[in-house]
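Numbering-wise (my numbering), the sequence shown opens with residue 1368 and increments by one.
Built from N, CA and C at the ideal position, the CB exists for glycine as well.
Since we're looking at a predicted model, the values are computed, not measured.
Each remark here refers to the structure printed beneath this line.
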Amino acid sequence: MAAATKKIKVAKASKPVKPAVLQAPKGMHDILPEDAWYWERVEQAVKDTAAFYGFDRIETPMLESVDLFVRGVGEATDIVEKEMYVLKTRGGDHLALRPEMTAPVMRAYIEHGLSRVSQPLQVYYFGPAFRHENPQAGRYREFYQMGFESVGGESDPVYDAEVIVAGARFLESLKLKNLAIQLNSIGCKTCRPNYRKKLQEFYKKEINAAKKTKVVCRDCERRLETNPLRLLDCKSEICANLKAQAPSILDNLCFSCRQHLKGVLEYLDEVGLPYSLNPYLVRGLDYYSRTVFEIFSDQSDLALMGGGRYDYLGEALSGKLIPAVGVAAGIERIIEVIKTNNLLPPKKSAEKIFVIHVGDLAKKKSFALIEQFRKENIKTAAALGKDSLQAQLKAADKEGSPFAIIIGQKEVYEESVIVRDMKTGGQETVPLKMIVETLKEKMRK
Ligand code: AMP
């Protein structure tokens, strides 16, 4: 992103201005009123699940220091190498639009000394993240994420299981069915370097033996040196054969990592949550250790949720080991599944009283009456910009209002209103000072 220091050219008002192409930046989108309901519903499901499992809300800034992600997410990751939106402020700070929220949560935990509260600190978030990726179905440059994070305390497999269960329950609460949880362990500082070396040696040997035949894609040629574990989640057909023969990380875990994985699986068994082990699952971010997982639903090919343990993130940022585990979900992907499968009942809007005016004086009185109704918690709608009675009645019909209040010149002088039953068309005149009570009574019925 360009620095905000360049002067912005403003077209002179006297010259005819060429109409600009008005569209949201590539890979970014508006949430229109007709869709906002889905977002509210999903956010509510996050809040409900969080409250149930004991996660409190945390909000971190949209911008963070670039260094946080370089040190936290890892230099050799796609996010840091090519996907961050970076800007330089007038003061010379290098900031990045947050590409994810786990590193910011850990930054906040360290900055505010949250190890002083009861551990682990359990927090949830809901908000936008930014990655300069190639936009395609289910992949955007601005997208919303929700997440549950369990930070501090012990590196106990029970917390891994808890975030997985909470994540799955959140998806189930939105009627997403047949969830498939894929799980792996990517080891720790003791066993991972040995495995990484073994994997590198295997690939190098095979590449040499194949001579000029291409057995790995160009990306993997690079990964072999910079981030060998990522060889395992390459989707290219060129690499498929070699990948299938590669040594499995599950056969190369140290005793503690094997115990940890066993613990997670036992807790999941205990609550009857099915999973499958996927030794190729490594995930894109460097900070993971031991457990990594992704959650799919049979209604989508894309991962809806992903997460894992990140015991080394705190250490990378503060020098102190801070065990932690978390899960994050992409909200757009979830909403796409909900919409295409009609998983949630359509929005039912609250019934509103419709106030109709006839004449200028009545319009002013209507404006005040609407205000009075709203103060009395009576949901009210009107079409004050329309003056014809017919047009306003039509609008009341469209709104689905059970009752319309009609005020004309005569009613203004008599200090009364007409109450029209929109279903039957029946009308009665009610004194103005009785209208709130009368309406409340009618709505109760
Ligand atoms: P990650 O932060 O990469 O572990 O991703 C966690 C979840 O966020 C994924 O399972 C997706 O559902 C979602 N997600 C990640 N990247 C994107 C993106 N570019 N567009 C939409 N959703 C995304």
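Item checked: Complete runs of the alpha helix (DSSP H) confined to the region 1395-1477 [at least 4 residues] -> Runs of alpha helix (DSSP H) with 4 or more residues, each lying fully within the region 1395-1477, are found at 1400-1420, 1433-1439, listed in chain order.
Checklist line | Nearest candidate by alpha-carbon position, reference Ile1616, set Gly1494, Asn1551, Lys1790 | finding: Translated into the one-based positions of the sequence shown, residue 1616 becomes position 249. If we check each option's Cα against that of Ile1616, Asn1551 comes out closest.
Check: Within 7 Å: the Cβ of Phe1660 and any heavy atom of the ligand AMP?
Finding: On the sequence shown, residue 1660 is found 293 positions in, with the first residue counted as 1. Checking the Cβ of Phe1660 against the ligand AMP gives no.
Margin query: For Gly1674, tell me which candidate among Leu1688, Leu1488, Asp1527 has the shortest Cα-Cα distance.
Written below: By 1-based counting over the sequence shown, the position of residue 1674 is 307. Answer by Cα proximity: Asp1527.
Notebook entry, point to check: Can you find a heavy atom of the ligand AMP that lies under 7 Å from the Cβ of Phe1510?
Noted result: Your numbering for residue 1510 matches position 143 in the sequence shown. Within the cutoff, so yes.
Next item on the list: Would you give the residue range spanned by the beta strand (DSSP E) that Glu1516 belongs to?
Entry: Residue numbering aside, residue 1516 sits at position 149 when the sequence shown is read from its first letter. For Glu1516, the enclosing beta strand (DSSP E) stretches over residues 1509-1518.
Item checked: Among Val1583, Met1513, Ile1446, the one whose alpha carbon lies nearest that of Val1409 -> Numbered from its first residue, the sequence shown carries residue 1409 at position 42. Checked all of Val1583, Met1513, Ile1446; the closest Cα to Val1409 is Met1513.
Item checked: Assigned secondary structure, Ala1533 (DSSP; H/G/I helix, E/B strand, else coil) -> Numbered from its first residue, the sequence shown carries residue 1533 at position 166. Helix at Ala1533.
Margin query: One question on the structure: do Phe1510 and Glu1703 come within less than 8 Å of each other, judged by their Cβ atoms?
Written below: Here residue 1510 refers to the residue found at position 143 when the sequence shown is read from its first residue. Here residue 1703 refers to the residue found at position 336 when the sequence shown is read from its first residue. The answer is no: Cβ separation not under 8 Å.
Check: Can you give the Cα-Cα distance for Arg1888 and Glu1401, rounded to whole angstroms?
Finding: One cannot answer for residue 1888 here, as it falls past the ends of the chain, which runs 1368 to 1812.
Checklist line | Closer than 7 Å: Glu1699 CB and nearest the ligand AMP heavy atom | finding: Translated into the one-based positions of the sequence shown, residue 1699 becomes position 332. Yes - the ligand AMP has a heavy atom lying nearer than 7 Å to the Cβ of Glu1699.
Notebook entry, point to check: Span of the alpha helix (DSSP H) holding Ser1685?
Noted result: One-based indexing of the sequence shown puts residue 1685 at position 318. In this chain, the alpha helix (DSSP H) harbouring Ser1685 covers 1680-1685.
Checklist line | Span of the beta strand (DSSP E) around Gly1675 | finding: Here residue 1675 refers to the residue found at position 308 of the sequence shown. Note, Gly1675: beta strand (DSSP E), 1672-1676.
Check: Between Ala1696 and Met1672, what straight-line distance do the alpha-carbon atoms span, to the nearest angstrom?
Finding: As a first step, residue 1696 is located in the sequence shown; it is residue number 329 there, counting from the start. As a first step, residue 1672 is located in the sequence shown; it is residue number 305 there, counting from the start. Within the model, the alpha-carbon separation for Ala1696 versus Met1672 is close to 4 Å.
Check: Which of helix, strand or coil does DSSP assign to Val1803?
Finding: As a position in the sequence shown, residue 1803 is number 436, starting the count at 1. Helix at Val1803.
Notebook entry, point to check: Shortest alpha-carbon distance to Val1413 belongs to which of Ala1535, Pro1471, Val1659, Ala1470?
Noted result: Walking along the sequence shown from the start, residue 1413 turns up at place 46. The shortest Cα separation from Val1413 among Ala1535, Pro1471, Val1659, Ala1470 belongs to Ala1535.
Next item on the list: Compute every distance between the C-beta of Phe1672 and the non-hydrogen atoms of the ligand AMP, then say whether any falls below 7 Å.
Entry: Translated into the one-based positions of the sequence shown, residue 1672 becomes position 305. Sequence inspection shows Met at residue 1672; the Phe mentioned does not correspond to that position. Yes.
Next item on the list: Starting from the C-beta of Val1582, find all residues in its chain whose C-beta is less than 8 Å away, skip the five residues before and the five after it, and write them out in chain order.
Entry: By 1-based counting over the sequence shown, the position of residue 1582 is 215. By the criterion of a C-beta distance shorter than 8 Å, Val1582 is surrounded in its chain by Glu1573, Ile1574, Ile1605, Cys1606, Asn1608, Leu1609, once the five residues flanking it on both sides are discounted.
Next item on the list: Assess, as a yes-or-no matter, whether the region 1756-1764 is touched by the region 1722-1733 under the definition of 3 or more beta carbon pairs within less than 8 Å.
Entry: Note that the region 1722-1733 touches the region 1756-1764; at least 3 beta-carbon pairs, one per stretch, sit closer than 8 Å.
Notebook entry, point to check: So Glu1637 packs on Leu1648, CB below 8 Å; how close in whole Å?
Noted result: Walking along the sequence shown from the start, residue 1637 turns up at place 270. Walking along the sequence shown from the start, residue 1648 turns up at place 281. About 22 Å separates the Cβ atoms of Glu1637 and Leu1648, ruling out a contact at the 8 Å cut-off.
Check: Buried or exposed: which applies to Tyr1780, given that a residue is buried once 16 or more other Cβ atoms fall within 10 Å of its Cβ?
Finding: One-based indexing of the sequence shown puts residue 1780 at position 413. Under a 10 Å Cβ-count criterion, Tyr1780 is classified as exposed, with fewer than 16 other Cβ atoms of the shown protein chains found around its own Cβ.
Next item on the list: Compute the beta-carbon to beta-carbon distance between Ala1749 and Ser1733, rounded to the nearest angstrom, for a pair I have assumed lies under 8 Å.
Entry: The count along the sequence shown starts at 1 and reaches residue 1749 at position 382. The count along the sequence shown starts at 1 and reaches residue 1733 at position 366. Going by Cβ atoms, the distance from Ala1749 to Ser1733 rounds to 6 Å, so yes, they are a contact pair.
Notebook entry, point to check: For Gly1792, which of Glu1778, Ser1656, Phe1770, Pro1798 has the nearest alpha-carbon?
Noted result: As a position in the sequence shown, residue 1792 is number 425, starting the count at 1. Measuring from the Cα of Gly1792, the nearest candidate turns out to be Phe1770.
Checklist line | Extent of the continuous alpha helix (DSSP H) to which His1499 belongs | finding: Here residue 1499 refers to the residue found at position 132 when the sequence shown is read from its first residue. No alpha helix (DSSP H) contains His1499, which DSSP labels as neither H nor E.
Checklist line | Cα-Cα separation, Arg1590 to Lys1746 | finding: Along the sequence shown, read from residue 1 onward, the residue named residue 1590 stands at position 223. Along the sequence shown, read from residue 1 onward, the residue named residue 1746 stands at position 379. Taking the straight line joining both Cα atoms gives about 60 Å.
Check: Can you tell which of Val1433, Thr1456, Leu1688 has its C-alpha closest to the C-alpha of Val1518?
Finding: As a working mapping, residue 1518 is identified with position 151 in the sequence shown. The shortest C-alpha separation from Val1518 is found at Leu1688.
Next item on the list: Check whether the Cβ of Glu1401 lies closer than 7 Å to any heavy atom of the ligand AMP, and answer yes or no.
Entry: Here residue 1401 refers to the residue found at position 34 when the sequence shown is read from its first residue. False, no ligand heavy atom lies under 7 Å from that Cβ.
Notebook entry, point to check: Buried or exposed: Phe1419, going by 16 or more other Cβ atoms within 10 Å of its Cβ?
Noted result: By one-based count along the sequence shown, residue 1419 stands at place 52. Exposed is the label assigned to Phe1419, since fewer than 16 other Cβ atoms lie within 10 Å of its Cβ.
Note to self: Quick check: the Cα distance between Asp1788 and Gln1794, rounded to an integer number of angstroms?
What the structure shows: Counting from one through the sequence shown, the residue named residue 1788 turns up at place 421. Counting from one through the sequence shown, the residue named residue 1794 turns up at place 427. Going by the C-alpha atoms only, they are around 6 Å apart.
Notebook entry, point to check: Can we count Gly1505 as close to the ligand AMP, meaning its CB is less than 7 Å from some heavy atom?
Noted result: Position 138 of the sequence shown holds residue 1505. It does: the Cβ of Gly1505 is within 7 Å (strictly closer) of some heavy atom of the ligand AMP.
Notebook entry, point to check: Mind checking whether the beta-carbon of Glu1633 lies closer than 7 Å to any heavy atom of the ligand AMP?
Noted result: Indexing the sequence shown from 1 puts residue 1633 at position 266. The answer is no for Glu1633.
Next item on the list: Drop a sphere of 10 angstroms on the beta-carbon of Thr1796, count the other beta-carbons inside from all chains shown, and report buried for 16 or more, exposed for fewer.
Entry: One-based indexing of the sequence shown puts residue 1796 at position 429. By the neighbour-count rule (16 or more Cβ atoms within 10 Å), Thr1796 is not buried but exposed.
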